[in-house]
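Visitor:
Numbering (the working numbering), first residue to last: 17 to 128.
#1: At a cut-off of 8 Å, would you count residue 40 as near the ligand MN, judging by its Cβ distance to the nearest heavy atom?
#2: Assign residue 152 to buried or exposed, taking buried as 16 or more other Cβ atoms, counted over all protein chains shown, within 10 Å of its Cβ.
#3: Indicate whether the contact test is met: 3 or more Cβ pairs, each with one atom in the stretch 56 to 67 and one in the stretch 22 to 30, closer than 8 Å.
#4: Measure the alpha-carbon distance for residue 87 versus residue 108 and round it to whole angstroms.
#5: Relative to the C-alpha of residue 60, which residue among 40, 30, 76 is closest?
#6: What first and last residue would you give for the beta strand (DSSP E) that runs through residue 88?
#7: Have a look at the DSSP bridge pairing and note the partners of residue 110.
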């Protein structure tokens, strides 16, 4: 993961809020409503976070309007930024695949 791209993505309005909310999969519309973000901005921010490797396309689900909708979940558990003199170090802890699978199982059980 590129440090500059990560810092740039985290520095934009709404992106940290989207990442915090993305511990569970949500659509752009859901993020927009939950976080009070204009929908066009929300789509742009999701694109930035995905390009930076911080958010992932998790699934395509059927919406209430019977349309396929992309849902996104964060790809990281932690981002640590350290400033050492003139140097900036970014350490990213990715979300373990096991955790993703367990979350999916619990979500499926909750639906049934």
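Don't be surprised by glycine CBs; every beta carbon is placed ideally from N, CA and C.
Guide: This is what the structure gives:
#1: The ligand MN is absent from the structure shown, which contains no ligands of any kind.
#2: Look at the range of the chain in this structure, 17 to 128, and you will see that residue 152 is not part of it.
#3: yes
#4: Approximately 22 Å, taken between the alpha carbons.
#5: 30
#6: 84 to 90
#7: 92
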